[in-house]
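Input: a single structure, listed below in structure tokens.
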Amino acid sequence: MGKVYYISKNVGLGLLVLAAIALATIIALSVAYDKERAKNRGRPGDEEADSTAVPSAPTTPPTPKDPWDHYRLPDSLIPISYNVTLWPRLKPNTNGLYIFSGQSSVQFRCEKETDLVIIHCNKLNLTSFNGHFARLIALSDATEPSILKSWLVVKTEFLVLQLRSRLTVGATYLLYTEFVGELADDLGGFYRSEYVEDGVKKVVATSQMQATYARKTFPCFDEPAMKAVFNVIIFHDRDTVALSNGREIASKDLIRDGVPVRMTTFEPTKRMSTYLLAFIVSDFTCIQSTQNNNLLIRIWARRKAIDDKQGEYALNVTGPILQFYERYYNATYPLSKSDQIALPDFNAGAMENWGLITYRETALLFDPVLSSTGNKERVNSVIAHELAHMWFGNLVTLQWWNDLWLNEGFASYVEYLGADYAEPTWSMKDQIILYDMHRVFAVDALASSHPLSRREDEVNSPAQISEMFNTISYSKGAAVLRMLSEFLTESVFAKGLSTYLNTFAFKNTVYTDLWDHLQQAVRNTPDIHIPHTVHDIMNRWTLQMGFPVVTVDTKTGSISQKHFLLDPESVVERPSQFNYTWYVPIKWMKTGVEQQQYWLLQKTDTHRGMRVSGGDWVLLNTNVSGYFRVNYDLDNWDRLLSLLNNNHKTLSVLNRAQIIDDAFNLARANMINTTLALRTTKYLSKERDYIPWESALRNLDYFILMFDRTEVYGALQAYLKKQVQPLFEYFKIKTANWTKVPEGHTDQYNQINAIGLGCNADVPGCRDLIKGWYRQWMENPQHNPIHPNLKSTVYCRAIAFGGVEEWDFAWKMFKNATLASEASRLRAALACTKAPWLLNRYLEYTLDPTKIRKQDATSTIQYVARNVVGLPLAWNFIRAKWSYIFQEYGGGMFSFSGLINGITRRFSTDFELQELKKFKEDNLQVGFGSGTMALEQAIEKTTANIKWVKENRAHVMKWFTEEST
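Mapped onto my numbering, the consecutive letters of the sequence shown carry residue numbers 22 to 986.
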């Protein structure tokens with residue numbers, strides 16, 4: 022089909038026209054973009070998914086009247102298949118612009134009578150056919166349609182064809198378009214990535230379609246439910262390779278418009294959503310293997326990266342993880358190949374394009390000599406996450422973006438299972454507690470949080486869609502699915518998933534479809550008993566925001582639940598259809614003995630078994646299997662703290678971490694005394710395991726953020742020094758005076774904690790150790806004596822302890838780094854300097870993509886803000902540059918909300934709150950795009966911080982002073 026449309030006479034003529042006007046059109050295109058941005062500034066709902074938009078959304082937008090004024094497509098037309106041909110130019114034209122040209126024909130069926138064809142199209146310069154932007158042909162016996170007029174709608178990103186008569190229900194039609202687009206460096210749609218190898222600048226044409234960027238590449242029905250088959254042809258330079266979702270089936274060299282090119286044709290895709298499409302042209306190379314079922318697995322990257330064996334680890338774990346998922350889902354991987362490619366410029370961490378997964382280099386490449394254990398774990402877990410999507414998200418896809426958690430929460434949970442299978446000695450399943458549960462608890466305890474599943478009408482514009490790619494969708498989704506698997510048992514959970522995936526293969530679903538299949542699995546397993554249906558239980562966790570704190574009084578056995586909010590007094594709870602009551606599955610133990618699981622089904626209840634006295638104790642939520650916090654009466658708290666101090670290994674590492682995290686957050690919510698929370702850390706001088714230490718450090722970090730500009734900080738540092746010094750000495754001995762690497766995976770992480778906190782707290786010998794390593798490297802740049810595991814910690818501290826010489830050396834090594842993870846470590850460390858002028862210079866570098874890549878700009882600003890010296894500099898910087906920063910990095914950038922969160926983490930004074938509110942007011946016309954919700958959360962968190970500091974400052978100062986002596 023693709024070839025026929027390509028060489029037809031009309032198409033050939035159109036392409037000649039295209040070639041002739043390419044230069045003029047791209048100039049017009051560039052000018053048009055600027056006009057569109059200027060024209061739309063301040064209009065309602067103009068948030069665009071690409072990074073060049075400047076949206077603004079008044080509080081009372083007008084109600085759309087015409088179909089093209091709505092963001093959602095009408096349901097009158099359904100796509101069947103596409104033929105897409107693209108030709109990216111990897112060299113700039115005479116105006117210095119990179120372009121791509123192409124043509125697309127989409128075959129669709131009319132489902133409802135209509136005289137409109139509405140299809141997504143954004144930032145494409147379309148060729149005119151007899152005064153219209155497209156051709157429309159009847160493929161069945163229906164009357165040939167005639168176009169009355171056609172136009173583009175900038176706000177909703179539509180191409181609209183008004184017809185002279187109505188289309189026939191049940192008939193099929195073909196819409197043909199030709200277009201030119203800019204191969205920009207904006208990281209969205211079909212875009213340009215650049216890198217330098219052996220002193221030569223190289224250009225890659227690559228893509229990122231999620232969530233609303235396919236329309237920037239070719240006109241399409243760009244909604245996840247609009248699945249179709251895609252036939253792809255790519256023209257490219259003969260010294261490059263072209264990749265797409267399907268396997269290459271033909272390649273032919275020819276001359277096109279006087280240029281020698283290669284035409285690569287790909288096998289038709291499976292029926293899939295537009296956001297999963299991928300097109301790449303590069304001079305990359307690959308390593309490959311073949312599975313027993315003839316599945317081709319390839320890892321693609323820059324030639325030097327492949328030559329340095331940076332793709333070997335990814336290749337080694339991909340096959341086993343795919344096989345694990347095939348067994349787990351009881352569903353065969355449906356494609357003929359699995360390509361994974363590492364890109365120099367990529368906004369997200371990775372993207373699950375079906376058959377061609379794209380990654381940041383740091384998420385796919387691992388150097389066996391230079392990379393750290395953390396780098397290796399990241400590669401393993403990100404690959405496991407993306408491969409999980411091949412079934413959950415790609416084979417079966419969400420109906421609309423309001424249920425994004427169904428895609429991302431699921432992959433975020435199952436990635437731990439896949440990563441654990443690939444590396445069984447790493448205890449990966451335990452780390453979900455730190456990386457997902459504790460992380461999302463902090464966000465979901467805010468009144469500005471939102472339910473996992475939102476109403477469809479709440480998620481419309483590209484910016485609203487991008488805003489769904491947040492901690493709630495990923496981490497809360499993972500946490501509640503893990504809880505569901507725990508109380509159903511993993512085998513029943515997997516059975517339900519299997520029937521769900523096989524029933525809805527190549528289709529779209531809503532979350533209730535998953536509940537149906539899990540409920541069926543429960544019915545088919547006689548020994549599984551739950552108090553309500555899966556629907557009734559899980560709807561309370563997905564349709565209302567937040568989570569409960571479960572409180573037990575061990576004197577009486579009374580047990581209750583309450584919506585947990587960090588600042589319950591100063592906020593008003595939003596209404597909930599379930600009145601903030603959950604069906605809570607509680608695994609628990611009494612004095613070290615596991616008890617039968619208990620369900621808390623109402624606000625209050627009594628459980629006689631939970632009454633204890635004397636030396637007995639109760640612990641709820643064993644191994645943190647449930648998504649809730651736990652509070653106790655003071656006597657039971659004292660028993661648990663005594664247990665930690667006298668025999669902490671009686672409790673699992675997860676429950677030790679949980680006790681710490683629960684206590685600190687209960688204290689922030691004024692449910693227990695802050696000094697009780699601090700008492701949970703007194704035993705740490707005896708703790709050697711990573712997960713409890715990491716939990717404690719993350720919670721103590723809040724105290725550092727609140728007090729590192731006050732007199733409390735000295736006493737806090739003295740206490741931390743007292744607690745960490747035994748850990749520092751333990752690892753000094755264990756590593757033979759820092760010359761060996763600890764054997765255990767998590768021990769290697771805790772060694773990093775020992776050195777990092779030890780140097781911050783001025784443990785004797787730590788600073789000299791750090792400075793000595795770094796000085797050795799500066800004296801011999803070709804030989805770095807610092808172990809990869811310790812580089813991030815050593816680089817940051819050495820630069821903080823040093824001056825301009827140390828900074829300039831790190832900058833030079835950053836610019837020369839050929840390993841992405843090494844460059845990433847240095848980029849973060851450069852923000853650690855205490856010299857304000859260096860930090861201000863570094864902030865300015867973020868505006869220059871030749872110094873800091875666009876994909877890294879917002880995170881670099883956040884790194885500066887983490888530095889207590891850098892916070893006011895970063896805050897002043899983004900306020901002064903907000904309009905430009907938003908234009909370049911706002912709109913659909915998934916990382917953009919993190920910028921606002923990162924800048925405001927330390928805010929804890931009335932003055933800072935007023936500045937934050939003024940920042941919001943001053944920039945209403947510019948907008949906040951996908952950071953809108955983050956801004957509201959920042960105001961709420963700052964308000965809570967102010968209150969907490971006022972109430973606790975004196976007590977905290979007294980406690981740290983007494984405990985540090």
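For glycine and all other residues, C-beta sits at the position ideal for the given N, C-alpha and C.
By the CB criterion at 7 angstroms, Pro109 and Leu204 fall inside the cutoff.
The region 490-559 contains, as complete alpha helix (DSSP H) runs of 4+ residues, the segments 498-509, 511-524, 532-544 (chain order). Of the candidates Ala690, Val645, Gly395, Asn667, the residue whose Cα lies closest to the Cα of Ser673 is Val645. Between His471 and Met566, the CB-CB gap stays under 7 angstroms.
Between the C-alpha atoms of Ile807 and Thr306 there is a straight-line separation of about 31 angstroms.
Secondary structure at Ser228: strand, using DSSP grouped into helix, strand and coil. Remark: C-beta atoms of Ser265 and Leu195 do not approach each other more closely than 7 angstroms. Beta bridge pairing from DSSP links Met372 with Thr379. Taking all protein chains in view, the Cβ of Trp832 is crowded by 16 or more other Cβ atoms within 10 Å, so the residue is classified as buried. Between Gly779 and Phe749, the CB-CB gap stays under 7 angstroms. Counting along the chain, Pro606 sits inside the beta strand (DSSP E) bounded by residues 605-607. DSSP lists Arg319, Leu377 as the bridge partner or partners of Asp360.
Ala159 carries a strand assignment under DSSP once its states are collapsed to helix, strand and coil. Excluding residues up to 5 positions away in sequence, Pro606 lie with their Cβ nearer than 6 angstroms to the Cβ of Phe508 in the same chain. Of the candidates Ala850, Lys812, Gln617, the residue whose Cα lies closest to the Cα of Gln772 is Lys812.
Thr701 is positioned such that its CB atom lies no closer than 7 angstroms to that of Val639. For Arg874, the three-state secondary structure derived from DSSP is coil. Beta-bridge pairing by DSSP links Ser265 to Phe300.
Following the DSSP letters along the chain, one finds Ser813 in no beta strand (DSSP E) but inside the alpha helix (DSSP H) bounded by residues 812-822. Residue Tyr437 holds the alpha-carbon nearest to the alpha-carbon of Tyr346 among Tyr437, Ala739, Arg848. In the DSSP assignment, the residues bridged to Gly210 are Gln229. Under the three-state reduction of DSSP output, Val570 falls in the strand class.
If you ignore the 5 residues before and after Val217, its C-beta comes within less than 8 angstroms of the C-beta of Lys223, all in its own chain and listed in chain order. The beta carbons of Met284 and Leu297 sit about 24 angstroms from each other, so the pair does not count as a contact at 8 angstroms.
Excluding the 5 residues flanking it on each side, Arg187 has same chain C-beta neighbours closer than 7 angstroms at Glu134, Thr135, Asp136, in chain order.
Residue environment analysis places Gln769 among the buried positions, since at least 16 neighbouring C-beta atoms fall within 10 angstroms of its C-beta. Taking C-beta atoms as the reference points, Phe179 and Ile139 count as a pair closer than 7 angstroms. The alpha carbon of His556 has as its nearest neighbour, out of Leu425, Asp534, Phe981, the alpha carbon of Asp534. Relative to the Cα of Asp626, the nearest Cα in the group Thr572, Tyr648, Met610 belongs to Thr572. For the set Pro785, Trp858, Leu655, the Cα lying nearest the Cα of Phe898 is the one of Trp858. Looking at the backbone, the Cα of Lys528 and that of Ser496 are separated by about 25 angstroms. Fewer than three pairs of CB atoms, one per stretch, sit closer than 8 angstroms, so the region 477-492 makes no contact with the region 442-450. The shortest CA-to-CA distance from Gly332 to any of Leu920, Leu840, Cys241 is the one to Leu840. DSSP places His584 in the uninterrupted beta strand (DSSP E) bounded by 579-584. Per DSSP, the beta bridge partners of Phe287 are Glu269. Using a Cβ distance threshold of 7 angstroms, Gly952 and Ile921 count as a contacting pair.
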